[in-house]
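To start, the structure itself, in structure tokens.
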Amino acid sequence: MMPGLARMIPFFPYSQVFLQDEEELVGIFRDVGRRGAFIEQEDLRRFEENLAAYLQAWRVIGVANATDGLQIALRVAGVEPRTEVIFSSHTMVATAAAIHFAGAIPVPVECGADHLMDPQAAAAAITPRTSAILPTQLNGRTADMKALRRLASQDGLLLVEDAAQALGSRFERQCAGTFGAAAAVSFYPAKLLGCLGDGGAVIANSEEVAERARALHDHGRDGRGNVTGWGFNSRLDNLQAAILNYRLSKYDAVIARRRELARAYHAALEGVAEVVRPPAPDENEIHFDVYQNYEIEAVERERLREFLTGRGVGTLLPWGGKAVHQWNALGFEVRLPATERLFERVLLLPMHAWLSEDDVTMVAAAVREFYRGRS
Ligand SMILES: Cc1ncc(COP(=O)(O)O)c(C=O)c1O
């Protein structure tokens with residue numbers, strides 16, 4: 232422990248994903264194991280139904296991870312090879328990779344003040360080759376879907392959402408993942424609803440899209456084993472689905488806790504002129520944010536980060552410190568000045584359901600102390 236430090240605050244305590252409900256998880260493991268119910272079994276079907284009901288979505292199809300899910304979503308939504316798909320460059324490389332591996336061309340655009348896709352930037356990027364708009368519902372917030380939906384319908388474009396970070400987040404009371412033809416969500420352990428490994432789901436918003444996704448994720452087979460076309464093997468393990476079913480039943484409490492912590496951060500960082508806070512939970516009636524992350528903008532970000540590390544506070548640079556278009560290896564030739572400036576300032580503070588109010592107070596006090604020392 233650091234001198235004078237009450238405790239360490241890790242960015243994300245991975246072992247808690249297991250330890251928080253170890254007994255129940257061991258019980259689930261034993262039950263699934265004794266039934267030999269590993270692939271495409273009852274627990275998975277139940278989870279798909281429960282999640283679809285939770286989101287008020289047409290259907291949910293469990294897949295191996297959200298990256299596969301996005302690729303499947305793009306394909307089954309009807310994105311054609313060699314067409315352009317617009318995405319916000321402030322996202323995981325997985326978003327662009329899914330577009331690339333669906334055979335389409337990823338077109339990165341700027342994000343707005345809330346760090347999500349800027350509808351005006353999306354509008355400006357539309358060309359005759361554009362087939363779809365793919366907003367990332369980043370940090371547990373849903374983008375301005377009114378504007379993006381209007382844009383898509385005006386130009387006859389498909390809407391596919393990357394909802395990997397936004398399960399249960401809402402825009403005008405509608406859940407992320409239900410606005411377009413299809414979407415994907417992630418159950419990676421550090422996600423809002425995490426399992427004990429990789430996992431994801433496709434959200435399909437019509438029966439036709441659902442049927443195509445169900446076949447595409449399982450070797451092209453329909454429910455009766457008939458091969459209806461080429462397909463992948465990208466299935467969500469039944470064991471993970473059983474765990475997710477259990478966790479989904481307690482998910483509202485997870486969201487409520489994260490919103491409480493965001494409220495606490497917001498108050499504790501009030502008046503720190505060098506920090507831009509994310510929107511507060513009760514900012515307005517339009518957005519219901521679920522705080523996958525607490526992403527601030529900070530003056531002297533690198534030095535602040537070092538200082539917080541010295542105080543035992545774990546932080547993370549989003550996506551390794553670069554927006555997708557800034558990775559030279561991917562061959563993007565655009566410049567996105569607003570996003571690039573943002574990436575000199577963004578920092579993720581600890582945000583997870585096991586954080587206490589005292590932890591938040593301590594992190595915020597360390598941030599204040601850093602800036603006091605520099606003025
Ligand atoms: C915005 C976003 N998109 C896609 C993914 C990919 O999810 P998965 O790891 O389940 O493939 C992630 C996961 O970190 C993500 O945060």
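Residues 232 to 606, numbered by this note's numbering, are exactly what the sequence shown covers, in order. Virtual Cβ for every residue (Gly too), placed ideally from N, Cα, C. Note that the structure is a prediction, hence the values are computed from the model and not measured.
- Taken in chain order, the unbroken stretches of beta strand (DSSP E) that lie wholly in the stretch 364–404 and span 3 residues or more are 389–393.
- Under the DSSP definition of a beta bridge, N464 partners with D449.
- Here the C-alpha atom of E438 lies approximately 7 Å from the C-alpha atom of W289.
- The Cβ atoms of R372 and L347 lie closer than 8 Å to each other.
- Exposed is the label assigned to Q385, since fewer than 16 other Cβ atoms lie within 10 Å of its Cβ.
- Taken in chain order, the whole alpha helix (DSSP H) runs of length 4 or more contained in the stretch 277–354 are 297–308 and 324–332.
- Distance from the C-beta of Y419 to the nearest heavy atom of ligand 1 is below 7 Å.
- The beta-bridge partner set that DSSP reports for I434 consists of V291 and A414.
- Between the C-alpha atoms of G408 and G543 there is a straight-line separation of about 36 Å.
- As computed with DSSP, V458 is found in a beta bridge with R452.
- Beta-carbon to beta-carbon, R488 and E528 are separated by about 24 Å, too far to satisfy the 8 Å threshold.
- Between ligand 1 and the CB of G411, the shortest heavy atom gap is not smaller than 7 Å.
- In the structure shown, Y522 adopts coil according to DSSP, grouped into three states.
- Partner residues in the beta bridge of E528, as assigned by DSSP, are V507 and V577.
- Residue pairing from DSSP places C406 in a beta bridge opposite R401.
- In the three-state reduction of the DSSP assignment, L500 falls in the coil class.
- V338 is positioned such that its CB atom lies closer than 8 Å to that of A356.
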